[in-house]
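Accompanying notes for the structure given below.
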Amino acid sequence: MRVSSGSPPTAAPAPPGGRLRFTGEGLAWLGTALVLGGIGWFKSVNLLLLLADTMAALLVLNGVLARLHVRRVTATRSPLQPVFAGEKVRVRVTVRNAGRRAATVGVVDHGVTWYLDRLPAGAGVECAAWQVFTRRGRVGAKPLVWSGFPFGFLRFERPAEGSEPVTVLPRVGHADPDGLRRWVFRQAGTEGRSRKVLRRVTSDQAEVRGVRPYRPGDSIRSVHWRSSARRGELMVREYDAAPAPALVVVIDPFLPADPTPADRAALEAALSLATTVVWACSRAVETRVTLVVAGEETTVHSGPPAETFVREVVTPLADTRGGTEFPPVSPTVFGRALARAARLVVSSRRDPPLAAALARSTGKPFVVLDPSALPAWYEPPAGGAGPESAGTGSPPGTGG
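Residues in the sequence shown are numbered from 0 upward in steps of one, following numbering that gives the first Met the number 0.
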């Protein structure tokens, strides 16, 4: 935690609201006071009645002071860019005492608790912790500010104001960059038809950039024998990667009217597959991706191969609930993206009608990917897989 202090606070106190509840100790204290009061009243023992009244007064004092301490404090979660399910991100909550006296409070956010003892007036503290969101969607829970000062019998709680929901994207699997690049080249070069394409050496090498020393794993066909003989060691050719064609991905989030757990699992698997393709193509293959989500309002995103774009382009998938029927996708939504691009429909079912409809309306075939027939270059996400497993080389960093 980082603490900052300054001049007398100018921020307004936190708005009223919240709830007051008993803790376990408070219930035991209240029960004891009631028992003593009952015995004192029945036996006419004034000392027991005085003791019971004192215990009740301490409960009231605890509730009043706890509420005052919470009302002095504001807590705001720092904005998070969309995060992938399973990705480890740094969550930061800024806690500031806007009152004129010290405050003793606790802050809870996504299961993590920070306890701040006597936070000075006007001081601010940044509380941070690593978090992993396991399911896609919108996490709208706000940080909770609470206090049981001074006795802990009663606890006053109030949700923080102004914190935006966290957007959790589908989980990312693993995509082999070389296998994906070759697959994209093959789909773009054969108009979706499966036939052998003759190439000079490999499908993803363009021009020779130079030579370098041999490293274990290099192909023997890349050895430059003249340079090797001249230098007395094995030297291999180093190639520039051929630019990959653009990729158009259309998502068909089909879900039956009365879905079973298997149907829901298929939808999640399809969304993870689509997310992995977009992530790997943008970050590893470095190709331009256009994403279209079929639904009530067809969403179209297109942009350069950048991490920020990838997170933005798959944001609609955080809210996808699936459906049985979708309005036709107009060919005009693609613009010029279909020219010399690999075209793909990712669906949660086999043989989706959307692929055939797109082929008829655009005059270009679309290849179908679904969770029941996964390509060799793709591996579904494990329980804790994050975007660093998508074959991009290095993790994208934190989401905060």
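Just so it is clear, CB atoms sit at the ideal spot from N, CA and C, and this is done for glycine as well.
First and last residue of the uninterrupted beta strand (DSSP E) at residue i
| i | result |
| --- | --- |
| A340 | 340-346 |
| E125 | 123-131 |
| A74 | 72-76 |
| L254 | Element bounds for L254: n/a, residue is neither H nor E. |
| T158 | Reading off the sequence shown, one finds Pro at residue 158, where the question assumed Thr. From DSSP, the beta strand (DSSP E) with P158 extends over 153-158. |
| R137 | 136-138 |
| L290 | 288-292 |
| V367 | 366-368 |
Length of the line joining the Cα atoms of residue i and residue j
| i | j | result |
| --- | --- | --- |
| P164 | G321 | 21 Å |
| L33 | A140 | 37 Å |
| Y377 | L316 | 19 Å |
| G16 | L29 | 24 Å |
| S347 | L143 | 38 Å |
| P252 | R181 | 26 Å |
| R137 | R117 | 34 Å |
| G191 | L337 | For G191, the predicted structure reports a pLDDT of 45, less than 50, and the residue's modelled location is therefore unreliable. A value from the coordinates is still provided. Answer to the nearest angstrom: the Cα atoms are 13 Å apart. |
| E428 | W278 | Residue 428 is absent from the model: the chain starts at 0 and stops at 399. |
| R310 | A122 | 35 Å |
| F150 | L26 | 13 Å |
| V288 | V276 | 9 Å |
| G334 | T361 | 11 Å |
| R225 | E237 | 15 Å |
| H68 | P351 | 58 Å |
| E267 | A355 | 23 Å |
| R220 | R229 | 18 Å |
| A381 | A340 | 30 Å |
| S162 | D262 | 34 Å |
| D257 | P158 | 36 Å |
| R349 | V106 | 48 Å |
| Q80 | V291 | 21 Å |
| G209 | S227 | 13 Å |
Coil, strand or helix - residue i by DSSP
| i | result |
| --- | --- |
| D52 | helix |
| V332 | helix |
| W145 | strand |
| A317 | helix |
| W113 | strand |
| G98 | coil |
| D262 | helix |
| G105 | strand |
| A228 | helix |
| V171 | coil |
| A245 | strand |
| P8 | Per-residue confidence for P8 stands at a pLDDT of 40, beneath the threshold of 50, marking its modelled position as unreliable; the derived number appears in the next sentence. In the structure shown, P8 sits in coil (DSSP, three-state: anything other than H, G, I, E or B). |
| R180 | helix |
| R349 | coil |
| G191 | Below a pLDDT of 50, predicted positions are generally treated as unreliable, and G191, at 45, falls in that range; no measurement from the model is reported. |
| T275 | helix |
| L19 | strand |
| F83 | strand |
| R214 | coil |
Segment limits, alpha helix (DSSP H) that includes residue i
| i | result |
| --- | --- |
| G42 | The residue you asked about is not Gly; residue 42 is Lys in the sequence shown. Note, K42: alpha helix (DSSP H), 23-42. |
| F150 | Taken as a continuous stretch (DSSP letters only), F150 belongs to no alpha helix (DSSP H), as it is neither H nor E. |
Any non-hydrogen atom of the ligand ADP within 6 Å of residue i CB
| i | result |
| --- | --- |
| P78 | By its list of ligands, the structure shown contains no ligand whatsoever, and the ligand ADP lies outside what it can speak to. |
Minimum C-alpha distance to residue i - residue among the options
| i | options | result |
| --- | --- | --- |
| G62 | E125, F155, V90 | F155 |
| A358 | S371, L343, L368 | L343 |
| R185 | F365, D369, A381 | F365 |
| L404 | E232, T103, I219 | Missing from the structure shown is residue 404; the chain here goes from 0 to 399 and no further. |
| L58 | L153, Q80, A27 | L153 |
| R71 | S146, V92, E311 | S146 |
| R91 | P81, G105, V124 | V124 |
| L246 | V235, A159, E285 | E285 |
| S371 | T314, A264, A341 | A264 |
| L179 | P255, P260, R282, F21 | R282 |
| H115 | R134, Q80, F148 | Checking the sequence shown, residue 115 turns out to be Leu, not His. Closest option to L115, Cα to Cα, is F148. |
| F21 | A55, S77, P81 | A55 |
Is there contact between the segment 79-86 and the segment 110-117, where contact requires at least three CB pairs shorter than 8 Å? Contact between the segment 79-86 and the segment 110-117 is absent, because fewer than three Cβ pairs lie under 8 Å.
Okay, do the segment 156-176 and the segment 261-271 touch, 3+ Cβ pairs below 8 Å being the bar? At 8 Å Cβ cutoff, the stretches touch.
Counting beta carbon pairs with one atom in the segment 93-103 and one in the segment 318-336, are three or more of them shorter than 8 Å? Contact fails: fewer than three Cβ-Cβ distances are below 8 Å.
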